[in-house]
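Undergrad: Those letters in the sequence shown? Residues 3 to 377, by the numbering used here.
In this text, a Cβ means the ideal position worked out from N, Cα and C, and glycines have one as well.
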Amino acid sequence: MTPSAFVGLASALVEAMGQRLDAAKPIPEGLVLRTGDGFLYAFLEDPTRVSLETIRKLFDSDAGASVRAVVFTPGHLPLAIAADVVRRGGTLVEGPRFTELARQLGLETMLGEEPRAPPRESRRLLPSAQQLDEVVHRARTWLDWGVPALALRFYRQAVDLKPEFGPAKIGVGRALLALGLVDDADRAFDEVLSGRPDDVDARMGKAAVFGARSRPREEVEVYRALLEEDEARTEVRAHLVAALADLGDWVGARVEIEAMLARTPEDPQLRFLHSVALARTGEPSLAEEEREEARRLGLPFEREAALCQHLGLPAPPRPAVVPAERAAPPPSTPPRRVAPTAPLARPAARSRPRRPARPRTARTPARRPAARKRK
């Protein structure tokens with residue numbers, strides 16, 4: 003892709019997201035755009051030309067913009083540079099995710115690809131409702147992928163399409179909270195609650211704001227109040243467990259975990275959390291059994307390591323991989339017997355071995371001695 007084509011793609015991406023541009027600045031590595039809602043978008047065409055100095059200049063170019071900086075690149079930044087972007091509070095969209103963003107916005111042709119076939123709708127929707135549905139789905143996808151900056155952009159686009167749409171407003175609050183903009187998130191949840199004071203998702207958002215402000219007791223109170231209204235809300239109970247763990251109340255967390263296990267006993271992540279609660283409440287042997295059960299039920303090593311890191315636990319040992327050539331045969335296969343005889347082949351003792359005696363058969367009778375001639 004030529005530099006002009008890449009700049010055109012970057013501009014088209016920002017326009018398709020409905021961003022209002024305040025400024026645009028070309029740089030040797032690509033293009034930097036500043037949007038109307040305070041985001042700094044850096045489009046870097048060739049990751050091999052990007053250095054730590056490039057990233058430093060991006061983040062230092064505007065005071066206070068580092069937490070809202072988003073770096074886009076079609077390739078992959080070196081690990082040290084990517085880690086520096088995250089360390090400075092930025093968001094990274096690279097490689098396949100950059101390509102997926104262009105596809106979602108209908109810009110495949112600018113990547114040299116064929117346009118996607120329109121999806122078949124299982125239900126008939128008006129064009130405006132279909133557009134709103136696509137934008138909200140897009141926002142949820144990016145929030146699940148851990149890119150709240152893009153999720154926020156699409157949730158705001160959904161609010162522009164339908165200002166009274168509550169789920170989009172709540173999504174705005176969640177994305178802001180994920181970006182660390184706690185005060186902005188609090189105002190977004192208050193706006194929803196002013197019109198619908200009983201909205202469960204907005205109340206959970208307010209509880210999360212308490213947690214972000216290091217007020218876990220108030221966060222726990224909100225979750226308990228929601229469970230008193232409806233104890234079947236599993237997502238509320240899961241947030242309550244996390245809040246109790248942050249508070250250090252593992253006795254209360256164990257009660258809630260066991261209540262969830264009564265409904266879903268085969269959940270490996272719940273089994274792992276139960277093992278932690280057992281260990282913290284003085285039952286280490288049961289805790290170890292429960293942790294092994296979580297692994298048996300399919301808890302991936304990567305997920306276990308992430309949970310340990312979040313809870314401040316030692317990293318789990320990585321499972322050993324037995325090499326194929328050293329692996330023992332399965333129990334059902336009997337071992338092969340080797341007879342204690344001579345080797346299968348012997349090296350020849352002579353250059354021309356002697357032909358063995360020809361065995362007698364029906365067609366080769368034994369040779370008789372010749373008869374004497376009569377005189």
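1) Give me the residue from Phe61, Gly92, Ala84, Val88 with the minimum Cα distance to Val72.
2) For Leu11 versus Leu94, is the C-beta spacing smaller than 9 Å?
3) Here's a check: name, in chain order, each residue in its chain whose Cβ is nearer than 6 Å to the Cβ of Ala296, leaving out the five neighbours to either side.
4) State the start and end residues of the unbroken beta strand (DSSP E) segment that holds Phe212.
5) What is the DSSP secondary structure of Ala307, counted as helix, strand or coil?
6) Can you give me the Cβ contacts of Lys164 inside the same chain, cut-off strictly under 6 Å, excluding the 5 residues immediately before and after it?
7) Helix, strand or coil for Arg155, going by three-state DSSP, please let me know.
8) Check each candidate in Arg235, Val253, Ala245 and name the one with the smallest Cα separation from Ser216.
9) Taking the alpha helix (DSSP H) that Gly175 falls in, what are its first and last residues?
10) Around the Cβ of Thr111, are there at least 16 other Cβ atoms within 10 angstroms (buried) or fewer (exposed)?
11) Looking at Leu263 and Pro218, is the spacing between their C-beta atoms short of 9 Å?
12) Distance check for Val149 and Ile57, CA to CA, integer angstroms please.
13) Starting from Lys27, follow its DSSP beta bridges and name the residues at the other end.
14) Just verifying my parser: in three-state terms, what is the DSSP assignment at Val52?
15) What do you get for Asp188, buried or exposed, if any count of 16 or more other CB atoms within 10 angstroms of its CB means buried?
16) So, are the CB atoms of Leu54 and Phe74 less than 9 Å apart?
17) At the level of alpha carbons, what is the spacing between Gln311 and Pro318?
18) Quick one: using the 10 Å Cβ neighbour count with 16 as the cut-off for buried, is Pro302 buried or exposed?
19) Which whole-angstrom value describes the C-beta separation of Gly173 and Ala153, a residue pair presumed to lie in contact below a C-beta threshold of 8 Å?
TA: Quick look at the numbers:
1) Gly92
2) no
3) Pro270, Arg273, Phe274
4) Element bounds for Phe212: not the beta strand (DSSP E) but the alpha helix (DSSP H), 202-214.
5) helix
6) Leu134
7) helix
8) Ala245
9) 168-180
10) exposed
11) no
12) 19 Å
13) Val34
14) coil
15) buried
16) no
17) 10 Å
18) exposed
19) 7 Å
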